[in-house]
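These notes concern the structure reproduced below.
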Amino acid sequence: MPNYKNPKYEQIESEERLREVANKLAKQDTVAVDTEADKLDPYFANLIFIQIGTPEKAYIFNAFELDDFSPLKKVLERKKPLKILQNAKFDYKLLKVQAGLELENIYDTFLAERLITCGLQRGQSNLGALAKKYLDLELDKEYDHYNWDRTVRTGNLKKKHFEYAALDVLTLFPIFRKQFQQLKKQDLMEVAKLEFACVAPVAEMEVKGTPIDQKRWKKNIREIKEKRDEIHDKIQAELRPLYKTTQRDLFGNHVDVVNLNSPSQLIEAFAKVGIDIPSTGEQVLKKIDHALARMLLEYRGYEKLITAFGENLLDHVNPKTGRLHPDYMQIGADTGRFACSNPNLQQIPTDSEFRSCFRVGEGRKLVTADYSQAELRILAELSKDPALVSAYKEGKDLHTYTASLMFGIPEDKVCHDIERFQAKSINFGLMYGRGVRSLATQLEVSVEEGEELLQKYFKQYKKVEKWLEKVAKQAIEKGYSETVIGRKRYHKKPDPDDPNYERAISAIKRKGKNTPIQGTSADMIKYAIVFVYRRLQEEGLNAFLVHTVHDEVVVETTEEDAERVKAVVKEEMERAGELMIKEVPMKADAMVSDIWEH
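Each residue of the sequence shown is one higher than the one before, counting from 3 in our numbering.
Structure (structure tokens):
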């Protein structure tokens with residue numbers, strides 16, 4: 003066990019010593035790796051240290067004294083040794099941009115901890131928390147105590163900086179050993195390997211960034227604001243005769259009679275047109291057959307787009323690259339799904355003009371590929387329902403087919419806006435553990451009618467109902483839900499004396515139904531990302547990943563390589579699906595375009 007009060011380290015400040023140490027480290031079975039910099043953005047950060055440690059000693063490569071780190075390639079870019087890191091994606095990006103180094107064969111203590119505690123805790127996977135949990139060691143991780151940005155400006159490195167850097171790698175070995183045993187005990191090794199394999203392609207995706215046409219984006223915002231203002235004026239004009247005021251502002255324009263963002267004023271306005279409403283919620287307004295309700299919903303739609311996708315998104319454009327570099331959190335949800343922030347490109351609507359703003363320049367193309375109904379195919383596979391499996395094997399439109407079975411009408415007679423919509427809502431709703439009331443609200447029918455529709459559905463898909471009941475029960479009994487490859491989401495079983503016991507049990511059952519489906523889909527897209535990344539490298543194609551959204555990947559390439567890249571992406575996505583889904587055919591669709599299309 004290292005001496006944490008007086009950590010053993012060596013400062014490497016000459017090219018000759020760097021080469022000697024690199025040769026020594028390359029012979030190790032396992033090393034720990036970390037970096038220190040003054041900023042989070044790799045394009046604007048100043049690299050301070052690269053630390054590589056053995057269990058006994060940390061080697062600190064001082065970037066103030068060293069320019070060429072290429073001798074470290076034989077340590078970092080080969081299968082051996084295994085590299086242990088904490089939040090490896092950050093270090094990968096910094097090493098790539100600032101030192102021209104990559105990482106191969108990674109173990110990430112941050113991701114490992116998320117897997118071990120998934121569903122039980124969040125935000126306790128940083129190095130300080132892990133050192134306390136596994137080593138009962140208090141690490142001083144306060145940034146202000148070390149003032150790295152001032153250190154860069156002055157070049158004034160002190161003993162405390164080197165000790166801090168040394169501890170960051172030396173503590174990783176005992177944490178790794180204890181985590182590794184826990185991963186084996188919880189049967190999480192396969193999913194851990196997948197997460198670790200994903201680090202490099204995701205880091206590369208963030209480094210490359212996503213192209214965006216800023217002028218087109220601003221134009222879209224202007225047009226949406228114009229539409230919002232137009233519908234705003236229509237609403238005010240509709241309501242103005244109902245109010246006695248004719249007040250105008252200094253420019254002669256009518257003053258608003260109702261604040262469209264005030265629920266109480268809107269309830270009063272509806273009362274004036276003879277409609278009593280309990281609230282101004284979306285579901286309430288959708289049920290009202292009146293022009294005022296329809297216009298208000300349209301107005302809110304524009305407001306929502308402006309708020310979510312306003313010009314603030316352009317603040318994230320990197321001035322050095324002219325591109326967006328979002329943060330993709332590999333285990334952003336407890337199901338294993340990615341999350342995205344700074345900015346969140348996963349929330350861009352598929353049917354909006356905003357997607358057309360993500361475009362490449364002349365001679366470049368985007369290949370967009372996604373799975374066809376991945377989660378429903380997973381449901382068919384896991385439930386082994388013969389009707390559902392047969393529908394996919396025969397290549398049927400599942401929602402139309404389901405409606406045909408439910409309502410006893412030929413598939414070519416199914417109404418798209420009624421029967422197919424109802425079948426589609428149930429197909430997707432069941433995967434998220436939605437109950438009768440929620441489905442009834444979406445379908446705009448009574449709870450009794452919703453119950454009747456569900457009974458018709460389960461009459462056709464009997465094994466789906468049994469499977470959903472089984473996994474909900476198992477979530478309670480086992481205390482966790484799992485995916486095909488063994489990713490686990492743990493559940494905290496409530497105390498029977500808890501007044502919210504039944505509500506908590508219902509929540510666990512919903513998670514129990516959803517997790518095997520959504521989690522397996524998350525595993526599938528991660529395998530696809532790894533496979534696509536490696537295949538593009540193997541074939542030497544001028545192409546790289548730039549984005550992912552749940553069941554979709556986006557690759558940028560040259561015009562010449564586009565069709566080959568399209569074929570590769572489709573093949574590798576379907577290969578990833580076939581790792582887990584054996585009975586039901588997995589289908590991926592791909593297209594080539596100048597813009598991000600769905």
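Glycine included, every Cβ here is placed at the ideal spot set by N, Cα and C.
query: Let me check understanding here. Comparing Cα to Cα, which of 30, 452 and 297 lies closest to residue 241?; result: 297
query: Could you give the distance in angstroms between the alpha-carbon of residue 91 and the alpha-carbon of residue 113?; result: 10 Å
query: Between residue 375 and residue 400, is the Cβ-Cβ spacing less than 9 Å?; result: yes
query: Check whether the region 3 to 18 and the region 157 to 174 are in contact - that is, three or more C-beta pairs closer than 8 Å.; result: yes
query: Ignoring anything shorter than 3 residues or poking outside the region 511 to 544, list the beta strand (DSSP E) runs there in chain order.; result: none
query: Quick check on this structure: which residue in 63, 48 and 43 has the alpha carbon closest to the alpha carbon of residue 19?; result: 63
query: If you draw a straight line from the alpha carbon of residue 185 to that of residue 43, how long is it in whole angstroms?; result: 32 Å
query: Residue range of the beta strand (DSSP E) that residue 235 falls in?; result: No beta strand (DSSP E) contains residue 235, which is instead part of the alpha helix (DSSP H) from 216 to 241.
query: Hey, could you find the ends of the beta strand (DSSP E) residue 447 is sitting in?; result: Residue 447 -> no beta strand (DSSP E), and no H or E assigned at all.
query: Would you call the region 524 to 539 and the region 560 to 578 touching, i.e. three or more CB-CB distances under 8 Å?; result: yes
query: Comparing C-alpha positions only, which one of 75, 515, 454 and 487 sits nearest to residue 472?; result: 515
query: How big is the Cα-Cα spacing for residue 204 and residue 315?; result: 21 Å
query: Using the Cβ count rule (16 or more neighbours within 10 Å means buried), how would you classify residue 549?; result: buried
query: Using three-state DSSP, classify residue 161 as helix, strand or coil.; result: helix
query: DSSP on residue 25, reduced to helix/strand/coil?; result: helix
query: Can you give the Cα-Cα distance for residue 415 and residue 402, rounded to whole angstroms?; result: 9 Å
query: From 380, 271, 351 and 157, pick the residue whose C-alpha is nearest to that of residue 582; which is it?; result: 380
query: Near residue 367, what residues of its chain come up, given a Cβ to Cβ distance below 6 Å and the 5 sequence neighbours on each side ignored?; result: 559, 561, 564 and 594
query: Excluding five sequence neighbours on each side, which residues of the same chain lie with their C-beta closer than 7 Å to the C-beta of residue 332?; result: 113, 197, 200, 204 and 340
query: CA-CA distance, residue 149 and residue 47?; result: 14 Å
query: Based on Cα-Cα distance, which residue from 482, 404 and 463 lies nearest to residue 426?; result: 404
query: Here's a check: name, in chain order, each residue in its chain whose Cβ is nearer than 7 Å to the Cβ of residue 463, leaving out the five neighbours to either side.; result: 387, 389 and 390
query: Alpha carbons only, please: which of 360, 336 and 337 is nearest the one belonging to residue 347?; result: 360
query: Kindly indicate which three-state DSSP category residue 259 falls into: helix, strand or coil?; result: coil
query: Along the alpha helix (DSSP H) that carries residue 298, what are the first and last residues, could you check?; result: 293 to 310
query: Could you tell me the boundaries of the alpha helix (DSSP H) in which residue 383 lies?; result: 376 to 385
query: Would you call the region 513 to 528 and the region 171 to 185 in contact, with 3 or more CB pairs under 8 Å?; result: no
query: If you draw a straight line from the alpha carbon of residue 305 to that of residue 289, how long is it in whole angstroms?; result: 21 Å
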